[in-house]
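K.L.:
Below you'll find the structure I mean.
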Amino acid sequence: MKKLGITSLSFALALGLSTLPVMLQAAPNATSSVATTTTAPVTAAGKVSGPQVKKEQVAVTDESTVNINTGTAEEFAKVMNGVGMKKAQAIISYREELGQFTDVEQLREVPGIGAALFERNKDRLKL
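Here the sequence shown stands for residues -26 to -1, 1 to 101, numbered as in mature numbering (1 follows the signal peptide of the UniProt record, and there is no 0).
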């Protein structure tokens, strides 16, 4: 019985340590604010399956703001956190139907743009 416990413990320890290289490889690079890397995963047979590109982290700067009166749907989707093409198009439609925004706060009136989403992105918006 004692041998079974030691064997189980050894197996659990080996299994835990076997994932360590994967966890270290997947850890983000904390020294850079914009990190773009390309990796090619290796299959069990040792073959490279193809490149995978990790998504870029965007810091809020002058280049990452969008004018809510002149921005395109692509710009809204790219700059705003949590806004895809559907919500970006809703912003454009709202602007086309009711005219230009007079205040950034008016963006909350767009269907699909709630208070939390607005607060998360208010630093990325300008008139």
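Think of the CB as a built atom: it goes at the ideal place given N, C-alpha and C, for glycine as much as any other residue. Quick caveat: nothing in here was measured; it's all calculated off a predicted structure.
#1: For residue 64, which residues from the same chain have a beta carbon less than 7 Å from its beta carbon, with the 5 sequence-adjacent residues on both sides left out?
#2: With 16 other CB atoms within 10 Å as the buried threshold, where does residue 101 fall?
#3: To which residues of the same chain is residue 29 closer than 7 Å at the C-beta, ignoring the five residues directly before and after it?
#4: Is residue 78 helix, strand or coil when you go by DSSP?
#5: Determine the contact status of residue 43 and residue 75, defining contact as a CB-CB distance below 8 Å.
P.N.:
Taking the coordinates as given:
#1: Hits under 7 Å: 84, 85 and 86.
#2: Classification of residue 101: exposed, given that the 10 Å Cβ count is below 16.
#3: Caution applies to residue 29, whose pLDDT of 43 falls short of 50 and renders its modelled position unreliable; the value that the coordinates give is listed next. Nothing listed; no residue qualifies.
#4: Residue 78: helix per DSSP, three-state reduction.
#5: Closer than 8 Å, so yes.
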